[in-house]
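Working notes, beginning with the structure itself.
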Amino acid sequence: AAPPREQWTGQFGFIMSAIGSAVGLGNIWRFPGVAYENGGGAFLIPYLIALVTAGLPILFLDYALGHRFRGSAPTVFRRIGGRIGRFTESLGWFQVAIAFVIGLYYTAIIGWALSYFVFSFDLRWGDDPTSFLTDEYLQVSEPGLSTTFVPGVLIPLVFVWVAVIAVLAAGVKKGLERANVIAIPALGVAFLVLVVRALFLDGAVDGLNALFTPNWAALGDPSVWIAAYSQIFFSLSIAFGIMVTYSSYRKRRANLTTPGLVVAFTNCSFELLAGIGVFATLGFFAFQQGTTIDQLDGITGVGLSFMTFPAIVSQMPGGPLFGCLFFGSLVLAGFTSLISILQVVSAGVQEKFGLTSRSAPVVVGAVSAVLSILLFSTTTGLLALDVMDEWANNIGIEFSAVVVTVLVFWVLRRGRELEYHLNAVSTFKVGRIWLFFVAVLAPVLLTYMLYERIKDLVLDGYSDMPGWYLATFGWGTIVFCIIAAIVLTAFRWVRSPDEFTPWPP
Ligand code: LEU
Numbered sequence: 002a003a004p005p006r007e008q009w010t011g012q013f014g015f016i017m018s019a020i021g022s023a024v025g026l027g028n029i030w031r032f033p034g035v036a037y038e039n040g041g042g043a044f045l046i047p048y049l050i051a052l053v054t055a056g057l058p059i060l061f062l063d064y065a066l067g068h069r070f071r072g073s074a075p076t077v078f079r080r081i082g083g084r085i086g087r088f089t090e091s092l093g094w095f096q097v098a099i100a101f102v103i104g105l106y107y108t109a110i111i112g113w114a115l116s117y118f119v120f121s122f123d124l125r126w127g128d129d130p131t132s133f134l135t136d137e138y139l140q141v142s143e144p145g146l147s148t149t150f151v152p153g154v155l156i157p158l159v160f161v162w163v164a165v166i167a168v169l170a171a172g173v174k175k176g177l178e179r180a181n182v183i184a185i186p187a188l189g190v191a192f193l194v195l196v197v198r199a200l201f202l203d204g205a206v207d208g209l210n211a212l213f214t215p216n217w218a219a220l221g222d223p224s225v226w227i228a229a230y231s232q233i234f235f236s237l238s239i240a241f242g243i244m245v246t247y248s249s250y251r252k253r254r255a256n257l258t259t260p261g262l263v264v265a266f267t268n269c270s271f272e273l274l275a276g277i278g279v280f281a282t283l284g285f286f287a288f289q290q291g292t293t294i295d296q297l298d299g300i301t302g303v304g305l306s307f308m309t310f311p312a313i314v315s316q317m318p319g320g321p322l323f324g325c326l327f328f329g330s331l332v333l334a335g336f337t338s339l340i341s342i343l344q345v346v347s348a349g350v351q352e353k354f355g356l357t358s359r360s361a362p363v364v365v366g367a368v369s370a371v372l373s374i375l376l377f378s379t380t381t382g383l384l385a386l387d388v389m390d391e392w393a394n395n396i397g398i399e400f401s402a403v404v405v406t407v408l409v410f411w412v413l414r415r416g417r418e419l420e421y422h423l424n425a426v427s428t429f430k431v432g433r434i435w436l437f438f439v440a441v442l443a444p445v446l447l448t449y450m451l452y453e454r455i456k457d458l459v460l461d462g463y464s465d466m467p468g469w470y471l472a473t474f475g476w477g478t479i480v481f482c483i484i485a486a487i488v489l490t491a492f493r494w495v496r497s498p499d500e501f502t503p504w505p506p
């Protein structure tokens, strides 16, 4: 018989690991730019509304699903499906596929951060960090598929893949949990030092004003709301299998909702803190240049962390230390999230194909690593990354959230059962309001937003990139996930999942 299901040592290990997953590149690299682009201070309103109406409720839903049905996403959706489990399993594989895609480029960014951590020591990027990034470091070429590898990007990328496979192969307790218990406090300290330092820079206040001065008109724009919901899902690691998988390793009698509140609160505080730190630093930069923040370029996404930040670090007293703290934080935050992403894929494959908890990460990791290296260590990596990130998050994850909620609450009608399960041991009880948010409000809002977003992308394209390119890397990503879901569902289970985790309990 297969060994019993792995478990966290206890609540603390789980909470640290869940925070490790939630706090990631999304908090440091993605949030500040997204907030700034979508109305600055006014973005906090849709953000908080998204947190309360969809973030927390779906976080609880993921916990309930994973914990009650005790398995990776495909196992969970097969079990909850009952007689139609053969079909509903595909939803689990769709989530696995999204996690797989995100893992491919997420690793690339961690690899860059690792390089930049090293570059910080001697401010290697010189006087023009923008051209350093695109021309010297990434050696970006026209959109396309190049086969020219860039060694400086390739080597750290390989390193990150080896590290993540090693952690996963060591298992839930000795690998994932241990890595998080060490890395998360370290990250907390490094990041606090960074933010406090930033607040004492000249011009910091102007930076905060730029972030927090609301542009109320933005609230009328659906794309701002979509950005808020997507950011919450990505940031809390919900609706694509991560929290389902993580909560399946909790002990049978476990308080579910209270740790959920702790994790969500910590994640969002960290996110706001990152916004504050980043904008204080931008304020300093604008001050140095005798200009204002809205005149600066490159405040979003990749540009912010890898062009603007290096430029600032160069001008700052004690710059190398600041750079090390910033890029070191990115590496730690990113790595602890990456292990949760890959665990989703690894656990799914492990259960379906009857692999061991040691061999599954090696197989899954090797396949992912090869693809990730092919896509992101060549001269066209940067563009592919941007497009895949947009589609995986704004279309893939939202689509998954809609299908899960409709399936669980409307087709299978399991709402009451999950509510009961959540309340059985938890101290924070959920009730009618939770059901209303997850079963009614979330699917309705998300369907509308998804429709708007798809319409926009179809009609207006994305960042002036050629249509064929968006078709391949954007829509192609979604098509890939759907095909993967169908194909992986069609395979036969090598062993019944019930052998891994006794079912029914
Ligand atoms: N929650 C993570 C973050 O904020 C991302 C997720 C894909 C693990 O970066």
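In the working numbering, the protein residues as written are 2 to 506.
C-beta: ideal position from N, C-alpha, C; glycine also.
Computed from a predicted structure; not experimentally measured.
Rounded to a whole number of angstroms, what is the C-alpha to C-alpha distance between residue 15 and residue 66? Numbered from its first residue, the sequence shown carries residue 15 at position 14. Numbered from its first residue, the sequence shown carries residue 66 at position 65. Distance from the CA of residue 15 to the CA of residue 66, rounded to the nearest whole angstrom, comes to 16 angstroms.
Enclosing alpha helix (DSSP H) for residue 389 [first to last residue]: Taking the first residue of the sequence shown as 1, we reach residue 389 at position 388. Unbroken alpha helix (DSSP H) run through residue 389: 382 to 392.
Compute the Euclidean distance between the alpha carbons of residue 81 and residue 56, then round it to the nearest angstrom. Taking the sequence shown and counting its residues from 1, one reaches residue 81 at position 80. Taking the sequence shown and counting its residues from 1, one reaches residue 56 at position 55. Going from the Cα of residue 81 to the Cα of residue 56 covers about 22 angstroms.
Report all residues from its chain with a CB closer than 7 angstroms to the CB of residue 386; omit the five preceding and five following residues, and keep chain order. Indexing the sequence shown from 1 puts residue 386 at position 385. So the list reads 106, 109, 377, once near-sequence residues are dropped.
Could you tell me if the beta carbon of residue 347 falls within a distance shorter than 8 angstroms of some heavy atom in ligand 1? In the sequence shown, residue 347 corresponds to position 346, counting from 1. Not so, every heavy atom of ligand 1 lies at least 8 angstroms from the Cβ.
Just the Cα atoms here: how many angstroms apart are residue 208 and residue 243? For this step, residue 208 is matched to residue 207 along the sequence shown. For this step, residue 243 is matched to residue 242 along the sequence shown. Each residue's Cα considered, the two are about 34 angstroms apart.
Which residue's Cα is closest to the Cα of residue 95: 257, 496, 490? As a first step, residue 95 must be located in the sequence shown, where it is residue number 94. Residue 490 is the option with its Cα nearest to residue 95.
For residue 41, three-class secondary structure by DSSP: Here residue 41 refers to the residue found at position 40 of the sequence shown. Three-state DSSP puts residue 41 in a strand.
At a cut-off of 8 angstroms, would you count residue 266 as near ligand 1, judging by its Cβ distance to the nearest heavy atom? Position 265 of the sequence shown, counted from the first residue, corresponds to residue 266. Not so, every heavy atom of ligand 1 lies at least 8 angstroms from the Cβ.
From which residue to which residue does the alpha helix (DSSP H) around residue 75 run? Along the sequence shown, one-based indexing puts residue 75 at 74. Residues 74 to 82.
With DSSP as the reference, please indicate the residues paired to residue 215 in a beta bridge. Residue numbering aside, residue 215 sits at position 214 when the sequence shown is read from its first letter. Paired residue(s): 41.
Hey, residue 188 and residue 24: beta-carbon distance below 9 angstroms or not? In the sequence shown, counting from the first residue as 1, residue 188 sits at position 187. In the sequence shown, counting from the first residue as 1, residue 24 sits at position 23. Going by C-beta atoms, residue 188 is nearer than 9 angstroms to residue 24.
In the DSSP assignment, the alpha helix (DSSP H) including residue 313 goes from what residue to what residue? Along the sequence shown, one-based indexing puts residue 313 at 312. Residue 313 -> alpha helix (DSSP H) spans 310 to 316.
Cβ-heavy atom distance, residue 342 to ligand 1, below 8 angstroms: Taking the first residue of the sequence shown as 1, we reach residue 342 at position 341. The answer is yes for residue 342.
Compare the Cα-Cα distances from residue 130 to each of 176, 246, 312 and report the closest residue. Residue 130 sits at position 129 when you count from the first residue of the sequence shown. Among 176, 246, 312, the Cα nearest to that of residue 130 belongs to 312.
Quick one, which of 320, 275, 409 has its alpha-carbon nearest residue 30's? On the sequence shown, position 29 is the one that residue 30 refers to. Checking every option, the nearest Cα to that of residue 30 belongs to 275.
Within the present structure, is the beta-carbon of residue 401 separated from the nearest heavy atom of ligand 1 by less than 8 angstroms? Mapped onto the sequence shown, residue 401 falls at position 400. Flag unset: Cβ of residue 401 not near ligand 1.
Within 10 Å of its beta-carbon, does residue 140 have 16 or more other beta-carbons around it, so buried, or fewer, so exposed? One-based indexing of the sequence shown puts residue 140 at position 139. So residue 140 counts as buried.
Evaluate the contact criterion for the segment 229 to 249 versus the segment 151 to 160: three or more CB pairs, one atom per stretch, below 8 angstroms. Too few Cβ pairs lie closer than 8 angstroms, so no.
Any heavy atom of ligand 1 closer than 8 angstroms to the beta-carbon of residue 307? The residue you call residue 307 lines up with position 306 of the sequence shown. No.
Exposed or buried, what is residue 132 when buried is set at 16 or more other beta-carbons lying within 10 Å of its beta-carbon? In the sequence shown, residue 132 corresponds to position 131, counting from 1. Exposed.
Please state whether the Cβ-Cβ distance between residue 12 and residue 180 is less than 9 angstroms. For the purposes of this step, residue 12 is identified with residue 11 of the sequence shown, where counting begins at 1. For the purposes of this step, residue 180 is identified with residue 179 of the sequence shown, where counting begins at 1. Not in contact: residue 12 and residue 180 (Cβ atoms no closer than 9 angstroms).
Nearest residue (CA-CA) to residue 333, options 103, 182, 125, 497: For the purposes of this step, residue 333 is identified with residue 332 of the sequence shown, where counting begins at 1. In this structure, 182 is the residue among 103, 182, 125, 497 with its C-alpha nearest to the C-alpha of residue 333.
May I ask you to check if the CB of residue 415 is nearer than 8 angstroms to at least one heavy atom of ligand 1? The residue given as residue 415 occupies position 414 in the sequence shown. Every heavy atom of ligand 1 is 8 angstroms or more from the Cβ of residue 415, so no.
Closest by C-alpha distance to residue 196, when choosing among 113, 283, 482: To locate residue 196, count along the sequence shown from 1; it is residue 195. Residue 283 holds the alpha-carbon nearest to the alpha-carbon of residue 196 among 113, 283, 482.
Should residue 353 go down as buried or exposed, given a rule of 16 or more other Cβ atoms within 10 Å for buried? Translated into the one-based positions of the sequence shown, residue 353 becomes position 352. It is buried - the Cβ of residue 353 has at least 16 other Cβ atoms within 10 Å.
Where does residue 344 land, buried or exposed, given buried means 16+ other C-beta within 10 angstroms? Position 343 of the sequence shown holds residue 344. The residue in question, residue 344, is buried, as its Cβ has 16 or more Cβ neighbours within 10 Å.
Just to check, is the beta-carbon of residue 210 closer than 8 angstroms to a non-hydrogen atom of ligand 1? By 1-based counting over the sequence shown, the position of residue 210 is 209. No, since every heavy atom of ligand 1 falls outside the 8 angstroms radius drawn around the Cβ of residue 210.
Between residue 272 and residue 28, is the Cβ-Cβ spacing less than 9 angstroms? Working through the sequence shown from its first residue, we reach residue 272 at position 271. Working through the sequence shown from its first residue, we reach residue 28 at position 27. Against a cut-off of 9 angstroms, the Cβ pair of residue 28 and residue 272 comes out as a contact.
What I want to know is whether the C-beta of residue 312 ends up closer than 8 angstroms to one or more non-hydrogen atoms of ligand 1. Start at 1 with the first residue of the sequence shown, and residue 312 comes out as number 311. No, since every heavy atom of ligand 1 falls outside the 8 angstroms radius drawn around the Cβ of residue 312.
With DSSP run on the structure shown, which of helix, strand or coil describes residue 379? In the sequence shown, the residue the question calls residue 379 occupies position 378. Three-state result, residue 379: strand.
Buried versus exposed call for residue 319 [16 or more other C-beta atoms within 10 Å across all chains shown]: As a working note, residue 319 is residue 318 in the sequence shown. With fewer than 16 Cβ atoms within 10 Å of its Cβ, residue 319 is classed as exposed.
On the DSSP letters alone, give me the boundaries of the alpha helix (DSSP H) that residue 17 sits inside. Counted from its first residue, the sequence shown places residue 17 at position 16. Where residue 17 is concerned, the enclosing alpha helix (DSSP H) stretches over 12 to 23.
If you follow the alpha helix (DSSP H) that residue 54 is in, where does it begin and where does it stop? As a position in the sequence shown, residue 54 is number 53, starting the count at 1. Unbroken run through residue 54: none, as it is neither H nor E.
When the Cα atoms are used, what is the spatial distance from residue 101 to residue 292? Residue 101 sits at position 100 when you count from the first residue of the sequence shown. Residue 292 sits at position 291 when you count from the first residue of the sequence shown. Taking the straight line from one Cα to the other gives about 42 angstroms.
Endpoints, alpha helix (DSSP H) assigned at residue 157: For the purposes of this step, residue 157 is taken as the residue at position 156 of the sequence shown. Here the alpha helix (DSSP H) through residue 157 covers 152 to 170.
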